[in-house]
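Following the working numbering, the numbering of the sequence shown begins with 7 at its first residue and continues without gaps. This report concerns only the one structure given below.
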Amino acid sequence: MIKTIKQIAINVNEEGYLTDFSQWTKEIGEEIAKENNIEMTDKHWQVISWIQEQVTAKKSLSIRGIKKSGVIDIKEFYALFPGGPLKVSTKIAGVPKPKSCI
């Protein structure tokens, strides 16, 4: 599927996750965040960077992994990305939906 964000056509799956990370930009991430009613802060971007690093290193993502990251605690993670923090944060990061997410 094709979705247009900021006049740029990007490839997404049926759930709205990017299927080609090379199409991701910070501006696209910001627009996806806005679609999820999230105003991005420096802390949000720290989490997004950590997620992207983990995926690039081919490490699986989980809530437990976020807890051990040293970047953010679980309570803050839920506060920053309400409504399914791992789903929302990975969508903003432009990476595939984690297998641990239903």
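We put the beta carbon where it would ideally sit given N, CA and C, even for glycine. Small disclaimer: the values here were computed from a predicted structure and weren't measured.
Item to check | beta strand (DSSP E) segment containing Thr10, residue limits | outcome: 8 to 11 is the span of the beta strand (DSSP E), which, as asked, contains Thr10.
Item to check | Span separating the alpha-carbon of Lys9 from that of Glu82 | outcome: If you draw a straight line from the Cα of Lys9 to the Cα of Glu82, it is about 30 Å long.
Checklist entry - Between the segment 60 to 77 and the segment 29 to 41, do three or more beta carbon pairs fall short of 8 Å? => result The segment 60 to 77 makes no contact with the segment 29 to 41, as fewer than three CB pairs between them are under 8 Å.
Checklist entry - If Ile34 sits next to Ile54, beta carbons under 8 Å apart, how far is it from one beta carbon to the other, in whole angstroms? => result About 11 Å separates the two Cβ atoms, so there is no contact after all.
Checklist entry - Using the beta-carbon count (16 or more within 10 Å), is Gly100 buried or exposed? => result Under this definition Gly100 is a buried residue.
Item to check | For His50 and Val94, the rounded distance between their alpha carbons | outcome: Near 11 Å, if we compare the C-alpha coordinates of His50 and Val94.
Next on the checklist: Just to confirm before moving on: does the CB-CB distance between Pro88 and Thr96 stay below 8 Å?
Outcome noted: Not a contact, by the Cβ cut-off of 8 Å.
Item to check | Boundaries (first-last residue) of the beta strand (DSSP E) holding Ile16 | outcome: Its beta strand (DSSP E) spans residues 14 to 17.
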